[in-house]
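So in full-length UniProt numbering, spot 24 of the sequence shown is number 24, and the numbers just go up one at a time.
These notes concern the structure reproduced below.
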Amino acid sequence: MAEDHVKDPFEVTSDPSASNPNTTFPLEGRDIFKVSESELAAIADTAPSLHTLSGARVARISRNLVIKKSMLTLPSEAEAMKLVSQRTSIHLPRVYRSFTVYGTGGIYDSTGYIIMDYIDGICLSECWEKLLPNEREDVIRQVVDMIRELQSLHLPFVGPIGGGPSHGKWFSIYGSGPFTGVSDFEEYCNGRLEMAKTTGNTPTCTPPFKFSSFVMIHQDIAPRNLLLHPSGRLYLIDWGCAGAYPPIFEAAAIARESDDDGFSHSVLQRLEYNQQALQQLMGIRAVLHFFNETDVEKLEVWMKSRQTKPIDKVSDRFPTPNKTSA
1 MAEDHVKDPF EVTSDPSASN PNTTFPLEGR DIFKVSESEL AAIADTAPSL HTLSGARVAR
61 ISRNLVIKKS MLTLPSEAEA MKLVSQRTSI HLPRVYRSFT VYGTGGIYDS TGYIIMDYID
121 GICLSECWEK LLPNEREDVI RQVVDMIREL QSLHLPFVGP IGGGPSHGKW FSIYGSGPFT
181 GVSDFEEYCN GRLEMAKTTG NTPTCTPPFK FSSFVMIHQD IAPRNLLLHP SGRLYLIDWG
241 CAGAYPPIFE AAAIARESDD DGFSHSVLQR LEYNQQALQQ LMGIRAVLHF FNETDVEKLE
301 VWMKSRQTKP IDKVSDRFPT PNKTSA
């Protein structure tokens with residue numbers, strides 16, 4: 001008797017028809033701004049999938065548009081993408097609409113949706129090893145330029161764009177915060193530092209964190225989140241961990257990536273960062289997923305307020321510069 005195939009929830013799956021321009025997509029020719037949220041949510045489950053992993057799904061709804069849905073997608077992701085699109089020359093998908101459906105279960109009892117550009121490109125994780133040395137060098141140059149441009153964008157707050165809990169390699173799997181300001185953020189980091197010292201995960205002589213600058217950080221720059229366009233342009237996707245953090249957070253996040261292919265090492269070689277600050281941050285990585293009463297209380301307060309308090313649309317405060325396509 002043949003064994004039933006059990007689907008691995010951590011295996012990336014996709015529908016080949018999603019990448020075929022001859023496919024008839026469900027919203028082809030429709031005005032995306034006139035489609036109801038309920039119809040969009042339903043189509044997100046049935047349209048051809050470009051990428052499905054652990055409940056997150058990116059589906060192609062027309063020749064030019066995709067919809068992303070996930071229980072971990074918060075409004076801050078779309079706000080980060082809008083802000084970066086307005087304030088930098090970095091290539092990323094343009095956001096057209098975003099919305100949240102509440103009462104769907106999951107950590108935050110909600111599902112977020114983002115409608116954005118379909119990017120005709122190959123995921124760098126699939127083509128990196130096939131690239132010629134000069135092509136790899138050009139990719140690394142583009143990534144380093146992206147990081148430098150992001151870090152030129154200084155922000156007067158801490159955490160995700162528009163508020164909410166912080167996600168990424170330096171926070172709990174449930175998210176951490178929201179943080180009320182710099183001192184609150186330092187208290188969080190130093191609390192983890194003391195825990196790391198107590199458990200022997202970092203030297204007891206490690207100095208406390210003291211942050212003076214918060215800039216735009218993607219926090220998940222890796223080949224899986226980079227698309228290489230046929231023109232050679234590189235697109236940065238998946239902004240779910242983005243926000244205002246100290247500059248060292250980007251280099252440290254890249255340093256934590258598995259680097260069998262040499263990508264992360266090549267990027268770090270070309271970045272300017274403080275090695276002591278990097279080691280200081282790496283010292284708390286083993287205790288990041290401890291969740292204490294304060295962490296729980298902050299998340300509970302935020303979850304109760306989020307349906308009644310509108311998101312702070314930071315991107316609306318900045319004028320849109322004239323951008324030319326490369």
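Ideal Cβ placement from N, Cα and C applies to all residues, glycine included.
With a cutoff of 8 Å on beta-carbon distance, Leu-288 and Ser-172 are scored as near each other. Within the model, the alpha-carbon separation for Ile-161 versus Glu-137 is close to 32 Å. Around the beta-carbon of Asp-295, 16 or more other beta-carbon atoms lie within 10 Å, marking it buried. Counted as a single uninterrupted DSSP element, the alpha helix (DSSP H) harbouring His-265 occupies residues 263-270. In the three-state reduction of the DSSP assignment, Leu-53 falls in the strand class, which pools E and B. Restricting attention to Asp-15, Leu-268, Lys-34 and Lys-82, the CA atom closest to the CA of Ala-252 is found in Leu-268.
At a Cβ-Cβ threshold of 8 Å, Ala-47 and Ile-61 count as neighbours. Between the stretch 166-186 and the stretch 235-248 there are three or more inter-stretch CB-CB distances shorter than 8 Å, so the stretches are counted as touching.
A residue is called buried when at least 16 other Cβ atoms come within 10 angstroms of its Cβ; Val-301 does not meet this threshold and is exposed. For secondary structure counted as the beta strand (DSSP E) over 3 or more consecutive residues, the UniProt domain "Aminoglycoside phosphotransferase" (214-269) holds these complete runs in sequence order: 215-217, 226-228, 234-236 and 243-245. For Ser-85, the closest C-alpha among the options Val-139, Asn-190, Asp-117 and Ser-110 is that of Asp-117.
With a cutoff of 8 Å on beta-carbon distance, Ile-248 and Leu-271 are scored as not near each other. In the structure shown, Arg-94 adopts coil according to DSSP, grouped into three states.
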